[in-house]
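Per the working numbering, the very first residue in the sequence shown carries number 43; after that it's consecutive. A quick write-up on the structure given underneath.
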Amino acid sequence: MMRDILHEALERMTENGAEFCDARFQQLSMLSVKVVDGGVRSIKNDSMSGVCFRSRIGGSWGYSSTVSLDKESLLEACLEAPRNANRGTAPGDPLPEYRFDTGTVKAKVRYYPADIALEEKLADLMELDKAQRIEARIVNTNSEYDEGLKRNILINSMGADLEWEEIRTRVTAMTVASDGDRTEFYYDAHGGTKGYELVKELDLNEIGDKCAREAIAMLLAKKPPSGLLTCISDPGITGTLAHEVIGHAAEADEVVKNRSFLTGVVGERVASDLITMVDDGTVPGARGTIPYDDEGIRGSRTVLIENGIYKGYMHSLETAAMMNEAPTGNGRAEDYSRRVWVRMTNTYFEPGDWTLEEMVEDIDFGVVTDKTISGMEDPVGGGFEAQTLRGYLIERGKISGMIRSFALTGDALEILKTTDAVGKDFKLDGGTCGKGIEDWAPVSTGGAYCRSKIMVGGG
């Protein structure tokens, strides 16, 4: 029924001047459960449904959306899209040719989260939270479970006729320890495009116990050194660099507005030949994985840097047309009420040949990072700034002790050019990315350990 109405809406938009048009129906269901200090802090259920219509006339796009899903309301709302397009603009670049899919794609999960009783989810969270409370120095425990289901129908005037679903789950634990003088915390998070099997496959007791013991251990961590040091960045930090600096600058909508330090560098060396970086929307189970983006383009693997050479940008249909390139499956929208932007999926540095032990052995004095707290987005200037949760001091080729949180700063490309070792170990962390301050999208970041020269400070 909905597909039939959307097809009729396309006909009406075309009759009203649309040279290209699409209709995107989305139904979203979300659950968030939080346990704090052994008690249920919150249980939040939310759901929303609506349709977004787009019309392209000349070089201008017109958008409209509605949450009224009866036929009359939908056919009325669709006409707002061609009305909202600026008909006075010059003819736009033709959209790239693309063979759109038709059909239905079901999420590949073993346990649909909605089929699991809330009581079981609460019991699992209580188990995780209890495992963190191992002694008196643990002063706060936090355990959270999140799930989301997004059902999509997308039809466009170039032949797309798609229905697919995306399911994501995530479990997070954070433990705070204090000895009266100092307070520290440690966290662990697991998430992806998985069903409730994600939780069933985890050892919740082990995760909770580890968070508690690591938080306590951090009470004895020493002050970090400062200065330009040899630094082994763990996947949390390398992922921050990949996403916040290189990734945002590689989004083609920033490039066409001349708001990217990567504008015009295709084919140039921007990093050590050990560095290969990709955005890949097809990684099995990763949080940013998508069957299709919100324009009906298949999720794909886009090489951004290959052996140190910059290769290209991430695209939506609009930016692909403007730059005469192919769409890459990066046209994403938070929901039906938001416009499509160029967004990342799973962005990471590919692994190399070194073990972590081998990377440490060559260092006379340096640091290795362990987990990230925050990072700064700088697509214009290319500056890198991140804060670690903690790290380890390296002296004479050996790890000599834990150090407190510290900041890492520098020019992103200069850091990548000094990279002389890339590790075999590979890890992705799932999160949520905003375009500016809004328009959130699920993503993953990370990759390999990388050894570089970075300015270290803080603590």
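Even glycine gets a Cβ: it sits at the ideal position worked out from N, Cα and C.
Counting of Cβ neighbours within 10 angstroms places K299 among the exposed residues, the total staying below 16. According to DSSP, G499 shares a beta bridge with A449. For M365, the uninterrupted alpha helix (DSSP H) run begins and ends at 359-365, by DSSP. Residue environment for M356: buried (at least 16 other C-beta atoms within 10 angstroms of its C-beta). By the Cβ neighbour-count rule, N388 is buried, with 16 or more other Cβ atoms within 10 Å of its own. With fewer than three CB-CB distances shorter than 8 angstroms, the region 172-188 does not count as touching the region 296-313. Non-local C-beta neighbours of G423 in its own chain, meaning closer than 7 angstroms and more than five positions away in sequence, comprise F303, ordered along the chain. By the CB criterion at 8 angstroms, T214 and Y229 fall inside the cutoff. Per DSSP, reduced to three states, the secondary structure at E243 is coil, with no helix or strand assignment. If only complete runs of 3 or more residues are kept, the region 145-175 shows no beta strand (DSSP E) anywhere. Three or more beta-carbon pairs separated by less than 8 angstroms are not found between the region 80-92 and the region 206-225, which leaves the two stretches without contact.
Bounds of the beta strand (DSSP E) holding G92 are 81-99. R98 is positioned such that its CB atom lies no closer than 8 angstroms to that of F142. Linking V218 to R83 through their CA atoms gives a straight-line distance of about 17 angstroms. When C-alpha distances from M418 are compared across A449, T344, A257, R210, the shortest belongs to A449. Restricting attention to alpha helix (DSSP H) runs no shorter than 4 residues, the region 232-290 encloses them at 239-242, 246-259, 277-282, ordered along the chain. Contact between the region 230-240 and the region 269-280 is absent, with fewer than three C-beta pairs closer than 8 angstroms. According to the DSSP secondary-structure assignment, C63 is paired through a beta bridge with S97. Rounded to the nearest whole angstrom, the C-alpha separation of I441 and L435 is 6 angstroms. Membership of A292 in any alpha helix (DSSP H) is not indicated, and neither H nor E is assigned to it by DSSP.
Between the region 336-344 and the region 357-373 there are three or more inter-stretch CB-CB distances shorter than 8 angstroms, so the stretches are counted as touching.
If you look at I339, you'll find it isn't in any beta strand (DSSP E); DSSP assigns it neither H nor E. Using a 10 angstroms sphere on the CB of G488, the tally of other CB atoms reaches 16 or more, which defines it as buried. Annotation for K113: the continuous alpha helix (DSSP H) segment containing it runs 113-119. For A454, the uninterrupted alpha helix (DSSP H) run begins and ends at 454-459, by DSSP. For A51, the enclosing alpha helix (DSSP H) stretches over residues 44-57.
Straight through space, the alpha carbons of S486 and K150 are spaced by roughly 18 angstroms.
Assignment of V307 by DSSP, reduced to helix, strand and coil, places it in the coil class. Taking the Cα positions, E57 is about 24 angstroms away from S379. Straight-line measurement puts the Cα of G327 at about 24 angstroms from the Cα of K252.
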